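Q: Once you've had a glance at the structure underneath, I'll fire off some questions.
2 protein chains.
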Amino acid sequence: MPSFSMDCIVNRTRFLNAKLADGTLADLTVAAGRFSAIAPAANTATPPAGAIDLAGQLVLPAFVEGHIHLDTSFYGDAWRPHIPCTNGFDVRERVAFQMRNLEQAAPMAERAKNQLELCVGNGSLAMRSHVMVDADVGLKHVETILAVREKYRDLVDVQLVAFPQSGILSSPGTAELLDEALKLGCDLIGGLDPASFDRDVDGHLDVVFGLAERHGAGIDIHLHDGGTLGLFEIEEIAARAKALGIGGKVAISHAYALGDISPDALAKAGEMLAASGVAIMTNAPGNHPFPPVAALRKAGVTVFAGSDNIRDSWWPYGDGDMLNRANMIGYRSGFYEDWELESAHDLASHAGAKALGLEGYGIAVGAKADFVALKAEHVPEAVVAVPKERTVYRAGREVARQGRMTR
Amino acid sequence: MPSFSMDCIVNRTRFLNAKLADGTLADLTVAAGRFSAIAPAANTATPPAGAIDLAGQLVLPAFVEGHIHLDTSFYGDAWRPHIPCTNGFDVRERVAFQMRNLEQAAPMAERAKNQLELCVGNGSLAMRSHVMVDADVGLKHVETILAVREKYRDLVDVQLVAFPQSGILSSPGTAELLDEALKLGCDLIGGLDPASFDRDVDGHLDVVFGLAERHGAGIDIHLHDGGTLGLFEIEEIAARAKALGIGGKVAISHAYALGDISPDALAKAGEMLAASGVAIMTNAPGNHPFPPVAALRKAGVTVFAGSDNIRDSWWPYGDGDMLNRANMIGYRSGFYEDWELESAHDLASHAGAKALGLEGYGIAVGAKADFVALKAEHVPEAVVAVPKERTVYRAGREVARQGRMTR
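These protein sequence lines are chains A and B, in that order.
Residue numbers for the first sequence, in our numbering: 221 to 627.
Residue numbers for the second sequence, in our numbering: 221 to 627.
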């Protein structure tokens with residue numbers, strides 16, 4: 221059986237009868253972890269030995285988790301009831317609550333592992349995690365999560381954002397710690413509501429963009445500030461990114477303001493974001509305005525998706541399933557038509573890959589063979605049905621099935 | 221083994237180590253389809269023969285599906301892409317689209333069966349389905365769904381609403397058809413936006429309340445009208461229900477208006493609804509204001525949950541999983557604390573049972589042994605995790621597992 225021997229020699233795997241997003245059936249060949257051939261399904265009576273028959277399952281590129289917090293989740297640990305802030309939502313009070321919770325929690329590495337396996341089990345093989353850096357915790361979180369990333373390197377690609385959870389100017393010493401975090405291996409520099417938190421937009425952004433330039437790092441800023449204030453900050457970030465020509469490496473997470481400004485202001489913001497290349501991350505929060513996905517995409521803005529918090533001190537929700545997140549984004553956005561459902565999926569796949577700057581993403585010859593196989597007729601059906609029965613392949617090897625790690 | 225023999229003789233089943241909502245472990249005894257005993261878990265070394273060990277799984281009363289359309293779903297049939305209305309949303313245009321779709325669809329009985337099994341598989345063993353009645357379709361839908369209900373009587377309790385999808389005054393002959401539908405076996409009389417659709421609030425409600433009185437039937441009215449117009453209609457419905465003393469049998473589905481009126485107007489509406497006994501059904505729609513669940517519950521209003529459309533001509537969403545619906549309602553309502561998550565679950569369980577007037581609902585001695593067992597520490601965790609691995613019992617007998625019918 222020559223095909224078997226050859227496949228063994230070059231470490232080649234064949235996947236038969238894969239339903240592609242365009243509806244066709246294909247046979248996929250994987251060699252050295254990448255797709256080396258994609259051909260119309262041969263449907264031969266005697267399939268090559270060792271081939272895996274996907275039996276018409278839909279094959280999607282592995283999902284991209286665009287925003288997660290690996291250091292703060294309690295997933296898989298004891299249940300920790302949420303408590304409200306004493307006088308309306310307050311980030312500082314919430315951070316204090318988080319610190320009390322974390323003191324009693326299982327070791328961070330273990331909790332991060334639980335969350336990583338949850339995500340991989342659901343089919344996310346690339347992710348961006350924010351990791352808290354402030355004067356209190358110093359670089360402890362960064363060091364722990366860097367070690368976890370190393371341990372899971374073969375399973376999942378993790379980008380780390382050095383995240384000033386307690387502000388930069390408000391938490392003296394944080395700028396230096398962020399610098400150190402980037403030296404240690406963080407890929408991006410984060411930020412947090414320059415106006416409402418540090419009350420100094422320029423001062424905050426000077427540090428963020430300064431560090432990005434010095435380290436050649438990307439930027440991903442948490443921006444919850446709403447209305448015209450948030451819009452002003454978005455304009456400032458886009459202007460700086462454009463001036464430095466680094467827009468493709470800059471993202472704004474949440475950007476709630478885009479969800480509560482006038483259509484005219486939104487149109488202007490969309491043009492500016494598209495021209496700068498700055499991407500917008502949303503998780504389609506439940507009871508909060510969020511960026512209008514369709515309008516921004518139409519304007520040419522890269523909009524991508526993330527879970528954000530998963531069962532932590534900020535809220536109890538989150539399941540680490542980016543297909544369910546695409547469903548939520550579609551549901552919250554009023555996406556009913558097939559192309560709209562496909563665009564919801566795009567946020568958790570191709571647009572996410574673009575925002576994260578991933579190399580070799582997709583179901584294409586030369587791309588990494590990181591993919592998910594599940595029972596759905598096409599992408600729109602996958603988005604509305606969110607089948608939990610799915611198999612996850614990393615570099616062409618099965619790593620999870622029905623949500624559970626198999627490797 | 222005397223316990224085995226006795227259990228056989230009285231048709232008794234024992235479920236051991238059930239986690240109850242209060243966190244305790246209990247042994248449940250079911251006789252003749254009802255809970256005959258609930259006792260602290262005995263945890264004996266030698267469990268009674270034939271007993272089913274639930275091994276600490278959380279036991280919840282079977283979910284209550286408060287609003288579904290058994291006649292119009294394409295679930296399990298060919299995928300039918302959604303198309304938008306030509307000039308903004310228009311109910312009449314949507315109904316025409318639905319008629320075209322239904323002409324090409326699989327037989328209604330088959331589609332209804334698919335949807336029923338989806339719901340039962342997810343743990344809903346009581347539901348209220350609206351069934352279209354108008355001058356075009358006549359009683360065809362009602363007759364078909366009545367037959368399906370009969371066939372599934374042992375599996376699920378179905379209430380049917382004779383639903384004037386094309387209005388009452390706008391579709392001559394409909395009043396007589398609704399009368400006939402109630403004679404044939406429908407349990408409730410429905411309605412549809414008396415103001416915006418029939419443009420005659422009194423005329424529409426005269427028919428609805430008149431038929432309800434004549435047949436001793438309940439009432440469940442679709443009300444999408446927003447703002448002060450919708451509020452006016454809610455007031456009219458509540459006033460009529462109160463005057464007739466039948467509020468406990470009257471529900472308003474959707475009631476979007478409650479989601480976009482001022483807090484003062486909402487407070488007044490809440491008082492009036494609570495005093496009249498009229499219940500409010502919501503599915504927490506994705507991109508639309510909806511009734512504020514917490515405020516209404518605090519005012520004493522019965523708020524219950526439904527899927528509404530499942531993959532039909534109105535939208536592609538819906539999974540027939542009322543635990544996921546509770547999750548969505550919590551997510552959309554900003555419910556983070558444990559008691560809030562429990563209240564989201566209440567909409568899909570006890571409050572639903574109250575709105576539907578179900579007898580013998582709950583995990584209690586004397587109640588029907590219709591329940592779901594799943595892996596969760598408690599109700600709040602079940603609501604955020606929505607475990608798909610669950611077993612569904614009807615009258616103490618397993619009917620579904622992991623979403624699939626086993627009986």
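Even for Gly, the Cβ is constructed at its ideal location relative to N, Cα and C.
The structure displayed is predicted, hence computed values, not measured ones.
1) Tell me, please, which residues DSSP counts as bridged to Glu285 of chain B.
2) Within 10 angstroms of the Cβ of Gly446 of chain B, are there 16 or more other Cβ atoms? Answer buried if so, exposed if not.
3) In the DSSP assignment, the beta strand (DSSP E) including Ser473 of chain A goes from what residue to what residue?
4) Just grab the DSSP bridge partners of Met542 of chain A for me.
5) When you compare only the Cα positions, how much space is there between Val427 of chain A and Ala395 of chain A?
6) Opposite Thr292 of chain B in the DSSP bridges: which residues?
7) Using DSSP with H/G/I as helix, E/B as strand and the rest coil, what is Ile439 of chain A?
8) Are there 16 or more other CB atoms within 10 angstroms of the CB of Lys371 of chain A, so buried, or fewer, so exposed?
9) Can the beta-carbon of Ala485 of chain B be found closer than 8 Å to that of Thr502 of chain B?
10) Any idea if Leu404 of chain A is buried or exposed, counting beta-carbon neighbours within 10 angstroms, 16 or more meaning buried?
11) Pop quiz: Ser349 of chain B and Val378 of chain B are said to be a contact at Cβ under 8 Å. What is the actual Cβ separation, rounded to whole angstroms?
12) Using a Cβ-Cβ cut-off of 7 Å (strictly less than) and excluding sequence neighbours within five positions of Gly623 of chain B, which residues of its own chain qualify?
13) Against chain A, with Cβ distances strictly below 8 Å, would Leu322 of chain B count as a contact?
14) Output the residue ranges of the beta strand (DSSP E) runs that lie fully inside the region 558-604 of chain B and measure 3 residues or longer, sorted by chain position.
15) In the structure shown, what three-state DSSP assignment does Leu478 of chain A receive?
16) Is there a Cβ from chain B that is less than 8 Å from the Cβ of Leu561 of chain A?
17) Closer than 9 Å, Cβ to any Cβ of chain B: which residues of the region 432-445 of chain A, in chain order?
18) What separation, rounded to the nearest whole angstrom, lies between the Cα atoms of Asp539 of chain B and Leu561 of chain A?
19) Looking at chain B, is there any beta carbon in it that lies within less than 8 Å of the beta carbon of Gly343 of chain A?
20) Under the assumption that Leu389 of chain B contacts Asp418 of chain B (Cβ atoms under 8 Å), give the Cβ distance between them as a whole number of angstroms.
21) Short check: CB of Leu412 of chain A to CB of His435 of chain A, under 8 Å?
22) Got a sec? Which residues, its chain only, sit under 6 Å from Glu330 of chain A by beta carbon, not counting five neighbours each side?
23) Out of A:Gly506, A:Ile457, A:Arg300, A:Gly253, which has the shortest C-alpha to C-alpha gap to Leu618 of chain A?
24) Which residues of chain A have a Cβ atom closer than 8 Å to the Cβ of Ser391 of chain B, listed in chain order?
25) Could you give the first and the last residue of the continuous beta strand (DSSP E) run that contains Glu165 of chain B?
26) Taking 8 Å as the threshold (beta carbon to beta carbon), is His350 of chain B in contact with chain A?
27) By DSSP, does Glu313 of chain A sit in helix, in strand, or in coil?
28) Pairs of beta-carbons, one from the region 592-612 of chain B and one from the region 276-292 of chain B, closer than 8 Å: are there three or more?
29) Would you mind telling me which residues of chain A sit closer than 8 Å to Ile303 of chain B, beta carbon to beta carbon, in chain order?
30) Taking C-alpha atoms, which residue in A:Ser533, A:Gly430, A:Ala571, A:Pro536 lies nearest to Ala546 of chain A?
31) Just the Cα atoms here: how many angstroms apart are Met221 of chain B and Arg234 of chain B?
32) Output the distance between the C-alpha atoms of Pro301 of chain A and Leu464 of chain A, rounded to the nearest integer angstrom.
33) If you draw a straight line from the alpha carbon of Arg312 of chain A to that of Pro536 of chain B, how long is it in whole angstroms?
34) Please check if any C-beta of chain A sits within less than 8 Å of the C-beta of Leu578 of chain B.
35) Select from A:Val470, A:Ala355, A:Ser386, A:Ala568 the residue whose C-alpha is nearest the C-alpha of Ser416 of chain A.
36) What number of angstroms, rounded off, separates the C-alpha of Leu408 of chain A from the C-alpha of Ala461 of chain A?
A: According to the data block:
1) Numbered from its first residue, the second sequence carries residue 285 of chain B at position 65. Glu285 of chain B is bridged to B:Met347.
2) Sequence index remark: in the second sequence, residue 446 of chain B carries index 226 (1-based). Buried, since its Cβ has 16 or more Cβ neighbours within 10 Å.
3) In the first sequence, residue 473 of chain A corresponds to position 253, counting from 1. Run containing Ser473 of chain A: 470-474, per the beta strand (DSSP E) assignment.
4) As a position in the first sequence, residue 542 of chain A is number 322, starting the count at 1. According to DSSP, which records beta bridges pairwise, Met542 of chain A is partnered with nothing at all.
5) Position 207 of the first sequence holds residue 427 of chain A. Position 175 of the first sequence holds residue 395 of chain A. So the alpha carbons of these two residues sit roughly 7 Å apart.
6) Start at 1 with the first residue of the second sequence, and residue 292 of chain B comes out as number 72. None; Thr292 of chain B has no bridge partner.
7) The residue given as residue 439 of chain A occupies position 219 in the first sequence. Note: Ile439 of chain A maps to strand in three-state DSSP.
8) Working through the first sequence from its first residue, we reach residue 371 of chain A at position 151. Classification of Lys371 of chain A: exposed, given that the 10 Å Cβ count is below 16.
9) Working through the second sequence from its first residue, we reach residue 485 of chain B at position 265. Working through the second sequence from its first residue, we reach residue 502 of chain B at position 282. Cβ distance not < 8 Å, so Ala485 of chain B and Thr502 of chain B don't count as in contact.
10) Working through the first sequence from its first residue, we reach residue 404 of chain A at position 184. Result: exposed.
11) Translated into positions along the second sequence, residue 349 of chain B becomes position 129. Translated into positions along the second sequence, residue 378 of chain B becomes position 158. Between Val378 of chain B and Ser349 of chain B the Cβ distance is about 6 Å, and since that is below 8 Å, they are a contact.
12) As a first step, residue 623 of chain B must be located in the second sequence, where it is residue number 403. Cβ neighbours of Gly623 of chain B beyond the five flanking positions: Gly341, Asn342, Lys608.
13) By 1-based counting over the second sequence, the position of residue 322 of chain B is 102. Not an interface residue.
14) 591-594
15) As a first step, residue 478 of chain A is located in the first sequence; it is residue number 258 there, counting from the start. Helix.
16) Residue 561 of chain A sits at position 341 when you count from the first residue of the first sequence. So, interface residue.
17) none
18) The sequence position of residue 539 of chain B within the second sequence is 319, counting from 1. The sequence position of residue 561 of chain A within the first sequence is 341, counting from 1. So the alpha carbons of these two residues sit roughly 16 Å apart.
19) Stepping through the first sequence from its first residue, residue 343 of chain A is reached at position 123. No, no contact with chain B.
20) Along the second sequence, one-based indexing puts residue 389 of chain B at 169. Along the second sequence, one-based indexing puts residue 418 of chain B at 198. Contact flag correct, Cβ pair sits at about 4 Å.
21) Looking up residue 412 of chain A in the first sequence gives position 192. Looking up residue 435 of chain A in the first sequence gives position 215. Cβ distance not < 8 Å, so Leu412 of chain A and His435 of chain A don't count as in contact.
22) On the first sequence, residue 330 of chain A is found 110 positions in, with the first residue counted as 1. Here the set comprises nothing.
23) By 1-based counting over the first sequence, the position of residue 618 of chain A is 398. It is worth fixing the name first, because residue 618 of chain A is Glu in this sequence and not Leu. Comparing Cα positions, the closest option is A:Gly253.
24) Here residue 391 of chain B corresponds to residue number 171 of the second sequence, with the count starting at 1. Chain A residues near Ser391 of chain B: none, gap ~26 Å exceeds 8 Å.
25) Residue coverage of chain B in this structure runs from 221 to 627, which leaves residue 165 of chain B outside it and unanswerable.
26) By 1-based counting over the second sequence, the position of residue 350 of chain B is 130. Output row for His350 of chain B: interface = no.
27) Position 93 of the first sequence, counted from the start, is the residue given in the question as residue 313 of chain A. Three-state DSSP puts Glu313 of chain A in a helix.
28) yes
29) Working through the second sequence from its first residue, we reach residue 303 of chain B at position 83. Ordered by position in chain A, the residues that pass the 8 Å Cβ test against Ile303 of chain B are Glu557.
30) Start at 1 with the first residue of the first sequence, and residue 546 of chain A comes out as number 326. Of A:Ser533, A:Gly430, A:Ala571, A:Pro536, the residue nearest in Cα terms is A:Ala571.
31) Counting from one through the second sequence, the residue named residue 221 of chain B turns up at place 1. Counting from one through the second sequence, the residue named residue 234 of chain B turns up at place 14. For Met221 of chain B, the predicted model reports a pLDDT of 41, less than 50, meaning its position is unreliable and no value from the coordinates is stated.
32) Start at 1 with the first residue of the first sequence, and residue 301 of chain A comes out as number 81. Start at 1 with the first residue of the first sequence, and residue 464 of chain A comes out as number 244. Rounded to whole angstroms, Pro301 of chain A to Leu464 of chain A spans 44 Å at the Cα level.
33) If you number the first sequence from 1, residue 312 of chain A lands on position 92. If you number the second sequence from 1, residue 536 of chain B lands on position 316. Approximately 41 Å between the Cα atoms of the pair.
34) By 1-based counting over the second sequence, the position of residue 578 of chain B is 358. No, Leu578 of chain B does not count as interfacial toward chain A.
35) As a first step, residue 416 of chain A must be located in the first sequence, where it is residue number 196. The candidate whose alpha carbon is nearest that of Ser416 of chain A is A:Ser386.
36) In the first sequence, the residue the question calls residue 408 of chain A occupies position 188. In the first sequence, the residue the question calls residue 461 of chain A occupies position 241. Each residue's alpha carbon lies about 14 Å from the other.
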